[in-house]
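This report refers to the structure that appears directly beneath it.
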Amino acid sequence: MREKVRRIALELAAVVLAVAAIFTGGAVAPASAGPGSPVSLVYLSGFSREARLGLLDRIAGNADVVSPDFFQIQPDGSLGNYVDDGLVQAAHDRGLEVVPFIGNDWNREAGRKALANGPALAAQIAGIVSGRNLDGVIVDLENLTVADRGALTAFVQALRNDLPPSKQLAATVPAIQGPVQSGWVAAYDNQALAALCDYITVMTYDERVQGDPPGPVAGDPWVEQSIQYMLTQIPRDKFLLGVPLYGRRWVNGWGGDSISYPAISRLVSQIGGEPNYDPVQKTMHYGYSSGAGWVDIYYDNRTTIAAKLSLVAKYGLRGGFAWSLGQEDPSVWGIFRRAMSGGPFPDIFNIDAEPAILKLWEKGWVHGDSDGLFHPNRAVSRAEATAMLVNALRPAPAWFAGFSDVPRGHWAYDVIGRAQAAGWVHGVGGGRFEPDRAVTRAEGAAMIAKTLGLSASGESGFPDLKGSWAEGSVAALRAKGIIAGFPDGLFHPDQPLTRGDMAVMVARAMGLLKKIAL
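Numbering (full-length UniProt numbering) for the sequence shown: 1 to 518.
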């Protein structure tokens, strides 16, 4: 949406003969149309018919609704009908509802001509939705102005009147951070549209577009500010959060054209260098020098998309949607499914540590951050590692004088006190514990071995641990199958221990931990 895509000849791909009309009495209410039921939706725009069928397989089981570009407003305001019955059936066969969107390709005059004929257009679309076995329709008319607000709302009202009750009606609106009275973003009466629609797809992306200076497509502070204001206009149970599957590219600070994730991946492979993660914006940035000058690319990957989707649970929203299918890292769909189904930690989907983290989470031994993510690749802190072990063994509360940097009221005050009384952890000197300091792999091994009461002796078999103070602890854990090294045959003792690796070790030690707890 707002993304300009080249129109393909869908007329040739569509099946010419429509199926027999399905009247209201025989229509079945779509599952996601029920009040309060979660909605996970993916837009589909562009691509050949054959490619579209393959793309449906990516989201089958991971989303509820696909929204293809079947309805396009023509320059004269008439409706271009590109419904593909075969694609509709293929989507239904994969358990996907089909709710196409009505677009005007950013053409203001075409949109205005369509709205001038609103009642007839609404009746035409409602007839197609019912007669072609579609599950509803989304109104996505863009680049209008505040002068068109009433006509747009009236058109949606006409659709509401003409569509059978079992069919879904939604509208797409831009994200804003406060009241607006000018520009294309002022064309939407959000409260009126929300009252008429089953849900609203809020474009919480395109923070920067073509012509803007380089920056995130959807930086976290901007997205959250948008959600907070839009919730004053749209009820939570009708609010679908938008996530971008594409990035934007600037050359010497100019441009901002869109670029897909696969294209970015190819550039990284060809040019080299490492993309950087911005923890404040929760976005990715890749910069490199080209013949044309310095290139900046801002985009989202599975980690940043997981962070965005976690906002659905944080704000109690109806669901989320993605723009648009085919531009993404295919691994995001499992994350999408987990976030929309209310499962914990979207950012752990399909990583090696996922089973271990879920096992510990089910027992209440690990928790995520306030953003709803686990951050498996982040270094585990001394306080976090201590909390995992204390949550597993539940040592008795003990009097704790505290450390100067762990005062009463610190979130880890109780667990550090229990672990110190049990002899598992100690301060670092000077009355300090350094709760936020990252734990190295050697320190993590020593902590776990001490907690399990294992004898720290023997050779570990890792060349880079020969003679190390931690070799005995690593050897003891390796003998129990709790710890492993890297493919290069080394242990890398001074490398930070990640939250994911700590969870794996605790999960592998679960049997021994249970015996100690007994």
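Quick reminder that beta carbons are idealized off the backbone N, C-alpha and C, glycines included.
Computed from a predicted structure; not experimentally measured.
First through last residue of the alpha helix (DSSP H) which encompasses Leu358: Along the sequence shown, one-based indexing puts residue 358 at 358. It spans Glu354 to Glu362 - the alpha helix (DSSP H) in which Leu358 sits, taken as one unbroken run.
- prompt: Helix, strand or coil for Gly485 per DSSP?
  reply: Numbered from its first residue, the sequence shown carries residue 485 at position 485. Gly485 falls in the coil class under three-state DSSP.
- prompt: Arg132 to Asp84, Cα distance in whole Å?
  reply: On the sequence shown, position 132 is the one that residue 132 refers to. On the sequence shown, position 84 is the one that residue 84 refers to. If I take the Cα positions, the gap works out to 9 Å.
- prompt: Looking at the structure shown, is Asn81 part of a helix, part of a strand, or coil, going by DSSP?
  reply: Here residue 81 refers to the residue found at position 81 of the sequence shown. Correct three-state label for Asn81: strand.
query: For Val415, which residues of its own chain have a beta-carbon under 6 Å away from its beta-carbon, when the five flanking residues on both sides are left out?
result: Counting from 1 along the sequence shown, the entry for residue 415 is found at position 415. Around Val415: Thr386, Ala387 and Val390.
message: Is it buried or exposed, Leu490, if we count other Cβ atoms within 10 angstroms and call 16 or more buried?
response: For the purposes of this step, residue 490 is identified with residue 490 of the sequence shown, where counting begins at 1. Exposed.
- request: Compute the distance between the beta-carbons of Thr153 and Ala192, then report whether it is under 8 Å.
  value: Here residue 153 corresponds to residue number 153 of the sequence shown, with the count starting at 1. Here residue 192 corresponds to residue number 192 of the sequence shown, with the count starting at 1. In contact: Thr153 and Ala192 (Cβ atoms closer than 8 Å).
field: Start-end ranges of the alpha helix (DSSP H) lying completely within the stretch 36–112, minimum 4 residues
entry: 49–59 and 85–93
task: Could you name each continuous alpha helix (DSSP H) segment of 4 residues or more that falls completely within the stretch 127–174, going from the start of the chain to the end?
output: Segments of the alpha helix (DSSP H) lying fully in the stretch 127–174: 149–162.
- prompt: Going by other Cβ atoms of all chains shown within 10 Å of its Cβ, with 16 needed for buried, is Ala396 buried or exposed?
  reply: The residue given as residue 396 occupies position 396 in the sequence shown. Ala396 comes out exposed.
- request: Tell me whether Ile234 sits in a helix, a strand or coil according to DSSP, three-state version.
  value: Working through the sequence shown from its first residue, we reach residue 234 at position 234. In the structure shown, Ile234 adopts coil according to DSSP, grouped into three states.
- request: Could you check which residue in Pro164, Asn143 and Thr204 has the C-alpha nearest to that of Ala187?
  value: The residue you call residue 187 lines up with position 187 of the sequence shown. Selected option, being the one with the closest Cα: Asn143.
query: According to DSSP, what are the bridge partners of Thr201?
result: Here residue 201 corresponds to residue number 201 of the sequence shown, with the count starting at 1. BP columns for Thr201 point to Thr172 and Leu240.
- request: Please confirm whether any heavy atom of the ligand GTP lies closer than 7 Å to the CB of Leu309.
  value: With respect to small molecules bound, the structure shown includes none, and the ligand GTP cannot be examined in it.
task: Kindly indicate the opening and closing residues of the alpha helix (DSSP H) around Trp333.
output: Along the sequence shown, one-based indexing puts residue 333 at 333. Note, Trp333: alpha helix (DSSP H), Val332 to Met340.
message: Along the chain, where does the beta strand (DSSP E) containing Ala322 start, and where does it finish?
response: Within the sequence shown, numbered from 1, the residue matching residue 322 stands at position 322. Counting along the chain, the beta strand (DSSP E) containing Ala322 begins and ends at Gly319 to Trp323.
field: Option nearest Pro262 by Cα separation, candidates Tyr229, Arg236 and Asp300
entry: If you number the sequence shown from 1, residue 262 lands on position 262. Comparing Cα positions, the closest option is Asp300.
query: Taking DSSP as the reference, what is the three-state secondary structure of Val268?
result: One-based indexing of the sequence shown puts residue 268 at position 268. In the structure shown, Val268 sits in a helix (DSSP, three-state: H, G or I).
message: For Ile448, list the residues DSSP reports as bridge partners.
response: For this step, residue 448 is matched to residue 448 along the sequence shown. DSSP, once it has assigned bridges, lists no residue as partnering Ile448.
The alpha helix (DSSP H) enclosing Thr386, as first and last residue numbers: Stepping through the sequence shown from its first residue, residue 386 is reached at position 386. It spans Arg382 to Leu393 - the alpha helix (DSSP H) in which Thr386 sits, taken as one unbroken run.
message: Between which two residues does the beta strand (DSSP E) holding Ser289 run?
response: The residue given as residue 289 occupies position 289 in the sequence shown. Run containing Ser289: Thr283 to Ser290, per the beta strand (DSSP E) assignment.
field: Residues of its chain near Ser341, where Cβ-Cβ distance is below 7 Å and the 5 sequence neighbours each way are ignored
entry: The residue you call residue 341 lines up with position 341 of the sequence shown. Cβ within range, chain order: n/a, list empty.
- request: Have a look at the DSSP bridge pairing and note the partners of Ile251.
  value: Here residue 251 corresponds to residue number 251 of the sequence shown, with the count starting at 1. It should be noted that the sequence gives Val, not Ile, for residue 251. Trp254 and Val295, per the DSSP bridge assignment.
task: Please check the pair Pro213 and Gly253, which I expect to be a contact at CB under 8 Å, by giving their CB distance rounded to whole angstroms.
output: The residue given as residue 213 occupies position 213 in the sequence shown. The residue given as residue 253 occupies position 253 in the sequence shown. At roughly 6 Å, the Cβ-Cβ gap stays under 8 Å, so Pro213 and Gly253 are in contact.
message: Taking 7 Å as the limit between beta carbons, can you name the residues of its chain near Val504, skipping five residues before and five after?
response: Walking along the sequence shown from the start, residue 504 turns up at place 504. Counting only Cβ-Cβ distances below 7 Å, and skipping sequence neighbours, we find Ala353 and Ala356.
task: List the whole-angstrom C-beta distance separating Ile102 from Val139, where the pair is believed to meet the contact cut-off of C-beta under 8 Å.
output: Numbered from 1 along the sequence shown, position 102 holds the residue referred to as residue 102. Numbered from 1 along the sequence shown, position 139 holds the residue referred to as residue 139. Going by Cβ atoms, the distance from Ile102 to Val139 rounds to 5 Å, so yes, they are a contact pair.
- request: Could you round the C-beta distance between Leu169 and Asp198 to whole angstroms and report it? I think they count as a contact, below 8 Å.
  value: The sequence position of residue 169 within the sequence shown is 169, counting from 1. The sequence position of residue 198 within the sequence shown is 198, counting from 1. About 6 Å separates the two Cβ atoms, so the contact holds.
Among Val66, Pro407, Gln181 and Gly273, the one whose alpha carbon lies nearest that of Gly326: Here residue 326 refers to the residue found at position 326 when the sequence shown is read from its first residue. Ranking Val66, Pro407, Gln181 and Gly273 by Cα distance to Gly326 puts Val66 first.
- request: Per DSSP, which residues does Arg432 bridge with? Please list them.
  value: By one-based count along the sequence shown, residue 432 stands at place 432. DSSP, once it has assigned bridges, lists Gly429 as partnering Arg432.
field: Rounded C-alpha distance that separates Asp501 from Gln281
entry: As a working mapping, residue 501 is identified with position 501 in the sequence shown. As a working mapping, residue 281 is identified with position 281 in the sequence shown. Separation of Asp501 and Gln281 (C-alpha to C-alpha, rounded to the nearest whole angstrom) is 26 Å.
- request: Could you spell out the range, first to last residue, of the alpha helix (DSSP H) harbouring Asp414?
  value: Here residue 414 corresponds to residue number 414 of the sequence shown, with the count starting at 1. Element bounds for Asp414: Tyr413 to Ala421.
One or two residues paired with Thr440 in a DSSP bridge: Here residue 440 refers to the residue found at position 440 of the sequence shown. Beta bridge pairing from DSSP links Thr440 with Pro496.
Cβ-based burial, Arg499 [other Cβ within 10 Å; buried from 16]: Within the sequence shown, numbered from 1, the residue matching residue 499 stands at position 499. Burial call: buried.
- request: With distances taken Cα to Cα, identify the nearest neighbour of Val439 among Pro493, Gly458 and Ile227.
  value: The residue you call residue 439 lines up with position 439 of the sequence shown. Val439 has its Cα closest to that of Pro493, out of Pro493, Gly458 and Ile227.
query: Going by Cα to Cα distance, which pick from Leu477, Leu358 and Glu434 is closest to Ala383?
result: Here residue 383 is taken as the residue at index 383 of the sequence shown, counted from 1. Nearest C-alpha to Ala383: Glu434.
query: Is Pro165 buried or exposed, if buried means 16 or more other CB atoms sit within 10 Å of its CB?
result: As a first step, residue 165 is located in the sequence shown; it is residue number 165 there, counting from the start. Exposed, since its Cβ has fewer than 16 Cβ neighbours within 10 Å.
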